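Student: The structure is given below, and queries will be raised subsequently.
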Amino acid sequence: MDVGADEFEQSLPLLQELVLGADFVGLDIEFTGLRSNLSRPQQISLFDLPSDWYLKTRHSVQQFTICQIGLSVFSSIEGESNKYVAHSCNFFLFPTTFGILDSEFSFQASSVQFLNQYGFDYNKFLKNGIPYMNEEQEKKIKHNILTGNWRVRSSLDKDQIKVVIDEVTRWLDLAEEGDWMTLPGITGFQAFEVQLVLRQALPDIWTVPRDQGIIVKKVSKQHRWYLENTSGDRASCWKEKILLSARGFSVFFQMLVKAQKPLVGHNMMMDLLHLHEKFFRPLPESYDQFKLNIHNLFPVLIDTKNVTKDIWKELNFPRVSNLSEVYEVLNSDLNPTRNSGPVVIHASKCEKYVETKYPHEAAYDAFLCGSVLLKVAHLLAWRVRGAGSMPEPSFPLYLDVLAPYVNQVNLIRAGVPKINFSGPDCPSIRPPVLLLRVRKWPGVNEQQVYLLGAS
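So the mapping is simple: the numbering used here equals the position in the sequence shown, first residue as 1, plus 460.
What follows is the structure in C-alpha cells.
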C-alpha cells in the first residue's frame, strides 16, 4: 500500500492501531544519496573505530534526505499456531516547506540511477511526499507561530498567496459586514498558512477552515478581536492543528517510538542515522550520545544481516549478497525447518507482494526483513532445542533465542563488525600494524600504499 501526503492524515488512526497491536515492525529506507564524495582523510576506512565511522558518515546523512520509508507491521494471528499477518506500507516523504523551514538536500547520481532501475516513482516523492520535521525544527515553527513572525518561503506559495489576497481584496471592496466567500481547493497545512497570512494582511476579515477549502468572512474590528481571543480559534486554526499537519510523518514516528515495538532491519545502520536526524534531533557530535539516543528511542533493535552472518557459516548455506537472496535460501529446501517454520500472510490491501517481487521498494524490503527474522529465529530455536523438544513456537520464544543479537547492528567497512546499542562495542580485530613491502611496483611510496589500504 502506497501512502502519500493526500492519504496520510486519514491513515494515522489505522496505522497507530496496527503498530500498537504488532509483535514487531520491519523497516527499510531509500535515500537520495548514500555517501558524500569526501576528501581521502574523511572517507571511511577498514581501520575506523565506530566513533570515527560515525563522524565521517554523519556529514553524508546531513547532506541527503529520505525519499521513501517502508514499514511492514507483523502481528501474530490469535488462535492460529505460528501464523502472522503483515501490513506493508510505502511512505513517500518530502521535507516540510512551511513558514521559515526550507530544507536543502542533495541527489547522488548513482543513487537516482539505482532506484530508477527498480522503478522508483520520483513524482510521488516530489509531488505528494509527506512532510516531516525534527524536534529542533518544530521548536522554530512554534516560536514563529506564537510570535506572529510568519514568512512564506517558497515561490509557489508566494504566488498562490498573492492570487488569494488579490481575490479577497476585490471581494472586500463590494462586501458588507457579515458577508462571506469560499476559497476552494486549499487544504492541508497550506490552508493554515493561507489563513495566517490573510489575517495578517487584512484586519477586517476572519477565516474558517473547511474540508473543501477556506471560508472568508467580513467582520468588524471589534468582532475580529473577540474571535482572535476565543480558545476555540486557538485550537482550530493554529498551534496543534497546524503543527499536526506540518509535522506529517514525524507524528507517526512518535507513535512508533511510544509503542516500543522491536524494530527490524537489514544492514540498518544508515536507517537509524537518518531516523535520528530527520525525525528526532540533528545528529550529535558525540558518538556515545547518538548510541544512547537511539537506544532510548528503540530499546529493541534486530539487524537480520548480523543474525544471518553467524548461522550462514554454521549451516554452510551458499554465499548471498543481498536481502532477497537470503530470503530465497530460507524458503528453499536448504533450510531444514522450511516446512515447520512460521507462516506469513499479507493483509488485505497489502497483497501487492503475494506473487510479484519488488526489490528495493522500501515496503517490500521491510516485509523481507520481517519474514527473514521469523524464519531465522525458528531455525535458531530448532538448532538450540531440537525438533522434538521445541515448545509451541511464539514470538516471545523467538526473542529468547535472538537475545545474543538484540541491539547488535551490522557495520559495513569499519574496524569492528557491529555496533552494540545497549553496551560497549566489541574491540577491533584489525591488526594494529600492517607490514607491507612493495614488489615490482615502481614509483609507489609508503604514503600511497597507506592511503590505498585505508580507502
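Backbone N, C-alpha and C fix where the C-beta goes; we use that ideal spot for every residue, glycine too.
Small disclaimer: the values here were computed from a predicted structure and weren't measured.
Tell me, please, which residues DSSP counts as bridged to Tyr-592.
Tutor: Answer by DSSP bridge pairing, in chain order: Gly-708.
Student: Enumerate, from N- to C-terminal direction, the unbroken alpha helix (DSSP H) stretches of 4 or more residues contained entirely within the segment 708-756.
Tutor: Counting whole runs of 4 or more residues, the segment 708-756 contains the alpha helix (DSSP H) stretches 709-719 and 729-735.
Student: If Asp-763 sits next to Asn-870, beta carbons under 8 Å apart, how far is it from one beta carbon to the other, in whole angstroms?
Tutor: So it is a contact: roughly 5 Å between Cβ atoms.
Student: Using the three-state DSSP reduction, which class does Gln-597 fall into: helix, strand or coil?
Tutor: DSSP places Gln-597 in helix when its eight states are reduced to three.
Student: Give the range of the beta strand (DSSP E) segment to which Glu-490 is assigned.
Tutor: Start and end: 484-491.
Student: Give me whichever residues DSSP pairs with Leu-561 in a beta bridge.
Tutor: Looking at the DSSP assignment, Leu-561 forms a beta bridge with Phe-558.
Student: I'd like to confirm the pairing. Which residues does DSSP put opposite His-806 in its beta bridges?
Tutor: Bridge partners of His-806: Ala-546.
Student: Within 10 angstroms of its Cβ, does Ala-569 collect 16 or more other Cβ (buried), or is it exposed?
Tutor: Classification for Ala-569: exposed.
Student: When we look at the beta-carbon of Gln-528 and count the other beta-carbons within 10 Å, is it buried (16 or more) or exposed?
Tutor: Label assigned to Gln-528: buried.
Student: Does the separation of the CB atoms of Gly-486 and Phe-827 fall below 9 Å?
Tutor: A contact, by the Cβ cut-off of 9 Å.
Student: Can you give the beta carbon distance from Val-676 to Leu-634, rounded, assuming they're within the 8 Å contact cut?
Tutor: In fact, because the Cβ distance is near 13 Å, the residues do not count as touching under 8 Å.
Student: What is the DSSP secondary structure of Gly-801, reduced to helix, strand or coil?
Tutor: Of the three classes helix, strand and coil, the one that applies to Gly-801 here is coil, per DSSP.
Student: If we count the other Cβ atoms within 10 Å of its Cβ and call it buried at 16 or more, is Thr-525 buried or exposed?
Tutor: So Thr-525 ends up on the buried side.
Student: Who pairs with Gln-793 in a beta bridge, going by DSSP?
Tutor: Residue identity check: residue 793 is Asp in the sequence provided, not Gln. Note: Asp-793 sits in no beta bridge, so no partner.
Student: Judging by CA-CA distance, which residue of Lys-835, Gly-493, Phe-554 and Ile-754 is the nearest neighbour of Ser-792?
Tutor: The option with the nearest alpha carbon to Ser-792 is Lys-835.
Student: Just confirm the distance between the C-beta atoms of Val-832 and Leu-783, as a whole number of angstroms; I'd bet it's less than 8 Å.
Tutor: About 7 Å; that satisfies the 8 Å criterion.
Student: Taking the alpha carbon of Arg-659 as the reference point, which residue from Glu-636, Leu-687 and Asp-671 has its own alpha carbon closest?
Tutor: Comparing Cα positions, the closest option is Leu-687.
Student: Let me know if Cys-725 comes out buried or exposed under the rule of 16 or more other beta-carbons within 10 Å of its beta-carbon.
Tutor: It is worth fixing the name first, because residue 725 is Gly in this sequence and not Cys. By the neighbour-count rule (16 or more Cβ atoms within 10 Å), Gly-725 is buried.
Student: Do Val-861 and Leu-840 have their C-beta atoms closer together than 9 Å?
Tutor: In contact: Val-861 and Leu-840 (Cβ atoms closer than 9 Å).
Student: Are the beta-carbon atoms belonging to Asp-825 and Gly-530 less than 9 Å from one another?
Tutor: Taking 9 Å as the Cβ cut-off, Asp-825 and Gly-530 qualify as a contacting pair.
Student: Taking DSSP's pairing of strands, which residues face Thr-667 in a bridge?
Tutor: Val-676, per the DSSP bridge assignment.
Student: Does the contact criterion of 3 or more C-beta pairs under 8 Å hold for the segment 801-809 versus the segment 508-525?
Tutor: Judged by Cβ distances under 8 Å, the segment 801-809 makes no contact with the segment 508-525, as fewer than three pairs qualify.
Student: Once the 5 residues before and after Leu-478 are set aside, which same chain residues still bring their CB inside 6 Å of it?
Tutor: These residues qualify, in order along the chain: Val-533 and His-547.
Student: Taking 8 Å as the threshold, find out whether the segment 559-566 comes into contact with the segment 583-602 through three or more Cβ pairs.
Tutor: They touch, by the three-pair rule.
Student: Since Phe-580 and Glu-490 should fall inside the 8 Å C-beta cutoff, what is the C-beta to C-beta distance between them, to a whole number of angstroms?
Tutor: The pair is a contact, with the Cβ atoms about 7 Å apart (cut-off 8 Å).
Student: Tell me where the alpha helix (DSSP H) around Leu-494 begins and ends.
Tutor: First-last for Leu-494: undefined, no H or E at that position.
Student: Relative to the alpha-carbon of Ile-889, which residue among Tyr-592, Met-728 and Leu-509 has its alpha-carbon at the smallest distance?
Tutor: Looking at the Cα atoms, Leu-509 is the closest of the given residues.
Student: On the criterion of 16 or more Cβ atoms from any shown chain inside 10 Å, does Leu-518 qualify as buried, or is it exposed?
Tutor: Sequence inspection shows Arg at residue 518; the Leu mentioned does not correspond to that position. It is buried - the Cβ of Arg-518 has at least 16 other Cβ atoms within 10 Å.
Student: Going by C-alpha to C-alpha distance, which of Val-654, Glu-540, Ile-754 and Glu-637 sits closest to Val-623?
Tutor: Here the closest residue by C-alpha is Val-654.
Student: For Val-869, which of helix, strand or coil comes out of DSSP?
Tutor: Strand.
Student: Do you know how far the Cα of Asp-483 is from the Cα of Gly-464?
Tutor: Near 25 Å, if we compare the C-alpha coordinates of Asp-483 and Gly-464.
Student: Who are the Cβ neighbours of Leu-704 in its own chain at under 7 Å, not counting the five residues just before and after it?
Tutor: Closer than 7 Å at Cβ, skipping near neighbours: Val-711.
Student: May I have the straight-line CA-CA distance separating Gln-720 from Gln-672, to the nearest angstrom?
Tutor: Answer to the nearest angstrom: the Cα atoms are 37 Å apart.
Student: What's the C-alpha gap between Val-767 and Phe-713?
Tutor: Approximately 25 Å, taken between the alpha carbons.
Student: Going by the CB atoms, is the gap between Glu-637 and Ser-680 shorter than 9 Å?
Tutor: Yes. Within cutoff.
Student: Let's test the definition: count the other Cβ atoms within 10 Å of the Cβ of Ile-646 and tell me whether it reaches 16, buried, or not, exposed.
Tutor: Buried.
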